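**Q**
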């Protein structure tokens, strides 16, 4: 970000998600914290849904580097969508200012299958590891963890959502 907001200047905080969605609500709750650190700037949350956040990222990349437009992006999802869309260079056109949130990850198993990681590692034969959507932090963590989780590296089964993966575990469809 080449410039800093000037006194009385409005700063647009772009959000690549629908109004009322989790990312929108997060940005609206985060805006007052930004205003506290930029006391003379007014933060306006602008919703730019579309293409899984790429529409907002493109608008952010095209904005003048004057500090008047910033954005909230979810990584690595945005970068995964950019690769899928053939616009992987979007990350090179953005300046990442700060990581302001972390996503907690939990590895769960169905009761009665494996009690702990040692038991999982001791299983013979193929194991299926259910993950949330491809490109999500949890799915990428599953890709990184899979080779060390069992004698035979687990196959990965991506679900549309984390809730879908949990439901498959609870139903006993995956361990």
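Numbering (our numbering), first residue to last: 30 to 204.
Idealized CB from N, CA, C, for every residue including glycine.
Here the structure is a predicted model, which means the values were calculated and not measured.
Suppose you measure from the CA of residue 158 to the CA of residue 128; what does that come to, to the nearest Å?
**A** Taking the first residue of the chain shown as position 1, residue 158 is located at position 129. Taking the first residue of the chain shown as position 1, residue 128 is located at position 99. Their backbone Cα atoms lie some 28 Å apart in a straight line.
**Q** What first and last residue would you give for the beta strand (DSSP E) that runs through residue 50?
**A** For this step, residue 50 is matched to residue 21 along the chain shown. Residue 50 -> no beta strand (DSSP E), and no H or E assigned at all.
**Q** DSSP on residue 203, reduced to helix/strand/coil?
**A** Residue 203 sits at position 174 when you count from the first residue of the chain shown. The answer is coil: DSSP assigns residue 203 none of H, G, I, E or B.
**Q** Three-state secondary structure (DSSP) at residue 165?
**A** Working through the chain shown from its first residue, we reach residue 165 at position 136. Secondary structure of residue 165 (DSSP, three-state): coil.
**Q** Between residue 77 and residue 70, is the Cβ-Cβ spacing less than 7 Å?
**A** The residue labelled residue 77 in the question sits at position 48 within the chain shown. The residue labelled residue 70 in the question sits at position 41 within the chain shown. For residue 77 and residue 70, no; Cβs fall outside 7 Å.
**Q** Could you tell me the distance, in whole angstroms, from the CA atom of residue 138 to the CA atom of residue 50?
**A** Reading the chain shown from its first residue, position 109 is the one you call residue 138. Reading the chain shown from its first residue, position 21 is the one you call residue 50. The straight-line gap from Cα to Cα measures roughly 29 Å.
**Q** Is the distance from the Cβ of residue 91 to the Cβ of residue 74 below 7 Å?
**A** Working through the chain shown from its first residue, we reach residue 91 at position 62. Working through the chain shown from its first residue, we reach residue 74 at position 45. Taking 7 Å as the cut-off, the beta carbon of residue 91 is found no closer than this to the beta carbon of residue 74.
**Q** What's the gap between the Cα of residue 84 and the Cα of residue 103?
**A** Along the chain shown, read from residue 1 onward, the residue named residue 84 stands at position 55. Along the chain shown, read from residue 1 onward, the residue named residue 103 stands at position 74. Answer to the nearest angstrom: the Cα atoms are 13 Å apart.
**Q** Measure the C-alpha to C-alpha separation of residue 40 and residue 54 and round it to an integer number of angstroms.
**A** On the chain shown, residue 40 is found 11 positions in, with the first residue counted as 1. On the chain shown, residue 54 is found 25 positions in, with the first residue counted as 1. Going from the Cα of residue 40 to the Cα of residue 54 covers about 17 Å.
**Q** Could you tell me whether the region 147–164 touches the region 184–198, using the rule of 3 or more Cβ pairs below 8 Å?
**A** A contact exists between the region 147–164 and the region 184–198.
**Q** Rounded to whole angstroms, what is the Cα-Cα separation between residue 46 and residue 86?
**A** Reading the chain shown from its first residue, position 17 is the one you call residue 46. Reading the chain shown from its first residue, position 57 is the one you call residue 86. Looking at the two C-alpha atoms, the distance is approximately 11 Å.
**Q** Pull the bridge partners of residue 142 from the DSSP assignment, please.
**A** Your numbering for residue 142 matches position 113 in the chain shown. According to DSSP, residue 142 bridges with nothing at all.
**Q** What span of residues does the alpha helix (DSSP H) with residue 90 cover, start to end?
**A** On the chain shown, residue 90 is found 61 positions in, with the first residue counted as 1. First-last of the alpha helix (DSSP H) with residue 90: 83–91.
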